[in-house]
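Q: My questions all concern the structure below.
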Amino acid sequence: HYVSGQYYLSKIAPTSNRNGYPLISTFHQPTFEATLLHGLERFACVEVHFEHTVETFEQYEHAVHISARSADGLFYDIECLYLLACDGGKSTIRHTLDIPLQEVNLQRLLLPTVRSNTKRNHRYAQKWLVVDTAQDEDKLVTVTFFCNPTRPAVTVPAPNSRRRWEFMLLPGEDVKDLLPVEVIQQLIQQTRASQRNGLTQKAQVERRAIYTFHAAIAKTLSQGRVFLLGDAAHLMPPFGGQGMNSGLRDVHNLCWKIQMVIREQFPSTLLQTYHVERFPHTSQMIFYSSLLGRIIMPTNKSIAFLRDLLFRAINTVRPIREFLSEARFKPQPRYKRGFLLFNKDSQCRKLIGHMLPQPYMKTREGVRILLDEVLGDSFSLLRLYDKHEEAFVSLQDIIWQQLNVKFVCIQPGEAPNATVKGGQADSQLDAQQEVTLIIDSEKQIGTFLSDNRELCLLVRPDRYIMAVFRVTEVAGVAAALRKLTSTVSSTTNSPSLK
1017 HYVSGQYYLS
1027 KIAPTSNRNG
1037 YPLISTFHQP
1047 TFEATLLHGL
1057 ERFACVEVHF
1067 EHTVETFEQY
1077 EHAVHISARS
1087 ADGLFYDIEC
1097 LYLLACDGGK
1107 STIRHTLDIP
1117 LQEVNLQRLL
1127 LPTVRSNTKR
1137 NHRYAQKWLV
1147 VDTAQDEDKL
1157 VTVTFFCNPT
1167 RPAVTVPAPN
1177 SRRRWEFMLL
1187 PGEDVKDLLP
1197 VEVIQQLIQQ
1207 TRASQRNGLT
1217 QKAQVERRAI
1227 YTFHAAIAKT
1237 LSQGRVFLLG
1247 DAAHLMPPFG
1257 GQGMNSGLRD
1267 VHNLCWKIQM
1277 VIREQFPSTL
1287 LQTYHVERFP
1297 HTSQMIFYSS
1307 LLGRIIMPTN
1317 KSIAFLRDLL
1327 FRAINTVRPI
1337 REFLSEARFK
1347 PQPRYKRGFL
1357 LFNKDSQCRK
1367 LIGHMLPQPY
1377 MKTREGVRIL
1387 LDEVLGDSFS
1397 LLRLYDKHEE
1407 AFVSLQDIIW
1417 QQLNVKFVCI
1427 QPGEAPNATV
1437 KGGQADSQLD
1447 AQQEVTLIID
1457 SEKQIGTFLS
1467 DNRELCLLVR
1477 PDRYIMAVFR
1487 VTEVAGVAAA
1497 LRKLTSTVSS
1507 TTNSPSLK
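Here it is, written out as structure tokens:
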């Protein structure tokens, strides 16, 4: 909710459930990170070392040599095939590679060839007080932007009675004056007063810090065998809630490609598509987050008044109001260039590069399950078809086996005589056809494909649609895939860990 005084500028409440979950959700990041860290215990090949510092690194033809220092001052060397720099907004590795950050603004998006003035790269730099609280009695689950020119603020609910508060620092304010807990409690109470919710209990302040919000992205996301991910690659204001999300998208885009290259299933040129695919969408997300911030940040009362008038006017127009409510202005993660196979068919082209929806489906036993749980971690070939034993009879090329492609037939409508049992996915393949059958019980995939039974979708491990083709074109697609894999070297010098 975007609130100005007692008026709502906009209420964003998307109803779409195309990915199986609400489009707007919040979580407690330390809990999430602890869950991921605990999950690493499943892998004997993974070692985690906290309080270690990368001192230097050198790239060679087949490896990267890293010199690191432990917390007790001991130095040791590591050799690896690839180095993934996830070392934050002040990334030492990015600075060592001499990769500059460039500002993301409307001019850069419209005129990407215009060179930026390096002195202005950090023009968008706004300091905010960020506070995390616990034992908060406020039950409101809405993310609220207080578009108050006297003190712009944001509150974000989190699980287990936690809440985040963000307050803009005003010109002339001293950072030290805002950090005392009693000052923070006053800011929270002043902001809550505009909500008129009657809350008087003071929440427990768990964490407080001053952050400078930037809107910038690295000029290139990779150099040789080194790749920038997360805050090391891009910095964005938090108003769109896309900072960590963008870092996760970086990881999901890159890591399966590295795996394919190491396994010699594709040439190393595949890794060049990381920048090609991630840079445009990340730039759009940074601009989107910055724009949301600009809406709430005016401290000039005249400008804020004009903004309020504008939103009151556009909210009287139903199509615009629905456009805002459904968050359709948010940049969609579609790749227009990169590791994709395009063709001339207009119906096919409009699907290529999009992320595959993740609706709920049903197994042949009637178990309701998310589509991702069926597809697994490899390439998938999907077809909407009534008879799974006939869906892929024409796909006999060896390339499908080489890429470990999983064949998935999505049967329209309800499964005959479907019964729920066990609660587990039907992951067994048909003994003869090696095809996984799943039921499009909610008809979302059918709608996505316009109920076209002739289309086949080749879906990448990161769930982006790499190719869309008709069954009569399978030979051409197989040939294109063979060409992509044919340049793989027959030998790879794999460095050892020291």
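For the sequence shown, position 267 matches number 1283 in our numbering, and the numbering has no gaps at all. Backbone N, C-alpha and C define an ideal beta-carbon position, used for all residues, glycine too. Computed from a prediction, not measured in an experiment: that's the story for all the values here.
Cα-Cα, which of 1451, 1235 and 1221 is closest to residue 1146?
A: Among 1451, 1235 and 1221, the Cα nearest to that of residue 1146 belongs to 1221.
Q: How would you label residue 1240, buried or exposed, when you count the other beta carbons within 10 angstroms and need 16 or more for buried?
A: When all chains shown are included, residue 1240 counts as exposed.
Q: Looking at residue 1177 and residue 1148, is the spacing between their C-beta atoms short of 7 Å?
A: Result no, Cβ atoms of residue 1148 and residue 1177 do not sit closer than 7 Å.
Q: At which residues does the beta strand (DSSP E) containing residue 1182 begin and terminate?
A: Start and end: 1178-1184.
Q: Please classify residue 1321 as buried or exposed, where buried requires at least 16 other C-beta atoms within 10 Å of its C-beta.
A: By the neighbour-count rule (16 or more Cβ atoms within 10 Å), residue 1321 is not buried but exposed.
Q: What residue from 1499, 1490 and 1402 has the CA that sits closest to residue 1453's CA?
A: Selected option, being the one with the closest Cα: 1402.
Q: Using beta-carbon positions only, say whether residue 1073 and residue 1080 come within less than 7 Å of one another.
A: Yes, the pair counts as a contact, with Cβ atoms nearer than the cut-off.
Q: When you compare each of 1380, 1485, 1052 and 1110 to residue 1243 by their alpha carbons, which one comes out closest?
A: Residue 1110 is the option with its Cα nearest to residue 1243.
Q: If you run the structure through DSSP and keep just helix, strand and coil, what is residue 1220?
A: If DSSP states are grouped into helix, strand and coil, residue 1220 belongs with the strands.
Q: Please report how far the alpha carbon of residue 1257 lies from the alpha carbon of residue 1305, in whole angstroms.
A: Going from the Cα of residue 1257 to the Cα of residue 1305 covers about 8 Å.
Q: Which same chain residues, not among the five before or five after residue 1195, have their C-beta less than 7 Å away from its C-beta?
A: For residue 1195, where only same-chain residues beyond five positions count, the Cβ hits under 7 Å are 1224.
Q: Would residue 1491 be called buried (16 or more neighbouring beta carbons within 10 Å of its own) or exposed?
A: When all chains shown are included, residue 1491 counts as exposed.
Q: On the CB-based measure, 16 or more other CB atoms within 10 Å of its CB, does residue 1316 come out buried or exposed?
A: Residue 1316 is exposed by the Cβ-count criterion.
Q: Can you grab the Cα-Cα spacing for the pair residue 1313 / residue 1362, in whole Å?
A: Their backbone Cα atoms lie some 43 Å apart in a straight line.
Q: Can you tell me where the beta strand (DSSP E) with residue 1483 in it begins and where it stops?
A: Its beta strand (DSSP E) spans residues 1481-1486.
Q: When you compare each of 1167, 1093, 1053 and 1396 to residue 1425 by their alpha carbons, which one comes out closest?
A: Comparing Cα-Cα distances from residue 1425 to each of 1167, 1093, 1053 and 1396, the minimum goes to 1396.
Q: Measuring straight from C-alpha to C-alpha, what distance separates residue 1039 and residue 1077?
A: So the two alpha carbons sit approximately 43 Å from each other.
Q: Using the DSSP secondary-structure output, state which residues sit across from residue 1075 in a beta bridge.
A: Residue 1075 is bridged to 1080.
Q: Note the first and the last residue of the continuous beta strand (DSSP E) segment covering residue 1106.
A: No beta strand (DSSP E) holds residue 1106; DSSP gives it neither H nor E.
Q: Which residues in the same chain have their Cβ closer than 8 Å to the Cβ of residue 1281, if we skip the five residues on either side of it in sequence?
A: Excluding sequence neighbours, residue 1281 sits near 1418, 1419, 1501 and 1504.
Q: Quick one: grab the DSSP three-state call for residue 1326.
A: Residue state, collapsed to three classes: helix.
Q: Extract the residue ranges of the alpha helix (DSSP H) inside the region 1186-1269, only unbroken runs of 4 or more that lie entirely within it.
A: Listed in chain order, they are 1191-1194 and 1197-1209.
Q: Return the first residue and the last residue of the alpha helix (DSSP H) that residue 1399 is part of.
A: Residue 1399 -> not in any alpha helix (DSSP H); beta strand (DSSP E) instead, spanning 1396-1400.
Q: Could you give the distance in angstroms between the alpha-carbon of residue 1441 and the alpha-carbon of residue 1099?
A: Here the model assigns residue 1441 a pLDDT of 41, short of 50, so the residue's position is not dependable and the matter cannot be decided.
Q: Give the secondary structure of residue 1378 by DSSP, where H, G and I count as helix, E and B as strand, and everything else as coil.
A: In this structure, residue 1378 counts as strand in the three-state DSSP scheme.
Q: Skipping 5 residues on each side, what residues in its chain have a beta carbon closer than 8 Å to that of residue 1323?
A: Answer for residue 1323: 1020, 1025, 1163, 1311 and 1314, listed in chain order.
Q: Between the alpha carbons of residue 1172 and residue 1296, how many angstroms are there, rounded?
A: Rounded to the nearest angstrom, the two C-alpha atoms are 28 Å apart.
Q: Does the beta-carbon distance from residue 1085 to residue 1108 come in below 7 Å?
A: Going by C-beta atoms, residue 1085 is not nearer than 7 Å to residue 1108.
Q: Are the beta-carbon atoms belonging to residue 1483 and residue 1474 less than 7 Å from one another?
A: For residue 1483 and residue 1474, yes; Cβs fall inside 7 Å.
Q: Is it buried or exposed for residue 1182, if we count other Cβ within 10 angstroms and need 16 for buried?
A: When all chains shown are included, residue 1182 counts as buried.
Q: Please give the ranges of any beta strand (DSSP E) in the region 1397-1428, keeping only runs that are unbroken, at least 3 residues long and fully inside the region.
A: For the region 1397-1428, whole beta strand (DSSP E) runs of length 3 or above, ordered along the chain, are 1422-1428.
Q: By DSSP, does residue 1283 sit in helix, in strand, or in coil?
A: Coil at residue 1283, not helix or strand.
Q: Near residue 1129, which residues of its chain fall below 6 Å by C-beta distance, leaving aside the five closest residues on each side in sequence?
A: Any answer about residue 1129 is weak, because its pLDDT of 42 lies below 50 and its placement is not dependable; what the coordinates show is given next. Taken in chain order, the list of residues that qualify is empty.
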